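*Asks:*
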Amino acid sequence: RNALLLFRYWQQVQEHSTATGGGSGVNRVAVLGELELRRCALAKSSEQKQEDVEELLKVLLGFIQRFSGRAHCFFDLKPHLCYLSAADALPLLTGAGQGREAVVLTARLRRAFR
C-alpha cells in the first residue's frame, strides 16, 4: 500500500530528463512502477477480483492516453496485457487517440487480443 502511494506521488512530480528531449512533463517511470505493483498483486492472488482488473485497466488507459504517441508505449504495456480479457481491453483500443504512433499502438493492441 505504501509503495502504491509513493508511485502515485511520483506521478505528480514533473519529469525533467534530458534523454527525452527535455522531459515530457509526465513521470513515465512512476506510472510503470504502479503498473508493476498492480501486476504483481494480480499474479499473487489465487483469483482475479474484478475491481483489481478495473484498477489495472484504469491505469493502463491513463498510460495510453499520455504515451500513445511514443514508440515504446506498447512494449511498456505488453507484460500487463495478459491479465485482461478481450472484453476488458476494449477501452484500450479506443483510447490511443490520433497520430502515427497511436495508430501503430492500436494495431498492436488489436493483434495482442486476437
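Using the numbering used here, the first residue of the sequence shown is number 113, and each one after it goes up by one. We put the CB at the ideal spot given by N, CA and C, even for glycine. It should be emphasised that the depicted structure is a prediction, and the values quoted were computed from it without experimental measurement.
For C185, which residues from the same chain have a beta carbon less than 6 Å from its beta carbon, with the 5 sequence-adjacent residues on both sides left out?
*Replies:* Along the sequence shown, one-based indexing puts residue 185 at 73. Excluding positions up to five away in sequence, the list reads F179, L217.
*Asks:* Can you tell me the Cα-Cα spacing of E146 and F225, whole angstroms?
*Replies:* As a first step, residue 146 is located in the sequence shown; it is residue number 34 there, counting from the start. As a first step, residue 225 is located in the sequence shown; it is residue number 113 there, counting from the start. Roughly 23 Å separates the two Cα atoms.
*Asks:* Which residues in the same chain as A219 place their Cβ atom closer than 6 Å to its Cβ, once the five residues preceding and following it in sequence are excluded?
*Replies:* Walking along the sequence shown from the start, residue 219 turns up at place 107. Answer for A219: no residue qualifies.
*Asks:* Go ahead and pull the three-state DSSP assignment for E148.
*Replies:* The count along the sequence shown starts at 1 and reaches residue 148 at position 36. Helix at E148.
*Asks:* Once DSSP output is grouped into helix, strand and coil, what is the label at E167?
*Replies:* On the sequence shown, position 55 is the one that residue 167 refers to. In this structure, E167 counts as helix in the three-state DSSP scheme.
*Asks:* Determine the closest residue to R120 out of G174, L204, K161, with distance taken between C-alpha atoms.
*Replies:* Numbered from its first residue, the sequence shown carries residue 120 at position 8. For the residues G174, L204, K161, the minimum Cα distance to R120 belongs to G174.
*Asks:* Counting C-beta neighbours from all protein chains within 10 Å, is the total for A198 16 or more, i.e. buried, or is it exposed?
*Replies:* The residue you call residue 198 lines up with position 86 of the sequence shown. Exposed, since its Cβ has fewer than 16 Cβ neighbours within 10 Å.
*Asks:* Do L149 and P203 have their beta-carbon atoms positioned less than 8 Å apart in this structure?
*Replies:* Residue mapping note: residue 203 aligns to position 91 of the sequence shown, counting from 1. Residue mapping note: residue 149 aligns to position 37 of the sequence shown, counting from 1. The answer is no: Cβ separation not under 8 Å.
*Asks:* Is F187 helix, strand or coil when you go by DSSP?
*Replies:* Translated into positions along the sequence shown, residue 187 becomes position 75. In the structure shown, F187 sits in a helix (DSSP, three-state: H, G or I).
*Asks:* Going by C-alpha distance, which of G207, I176, L221, R140 is nearest C194?
*Replies:* The residue given as residue 194 occupies position 82 in the sequence shown. Checked all of G207, I176, L221, R140; the closest Cα to C194 is L221.
*Asks:* Nearest to V143 by CA position, among A214, L117, A155, is which residue?
*Replies:* Residue numbering aside, residue 143 sits at position 31 when the sequence shown is read from its first letter. Of the candidates A214, L117, A155, the one whose C-alpha sits nearest the C-alpha of V143 is L117.
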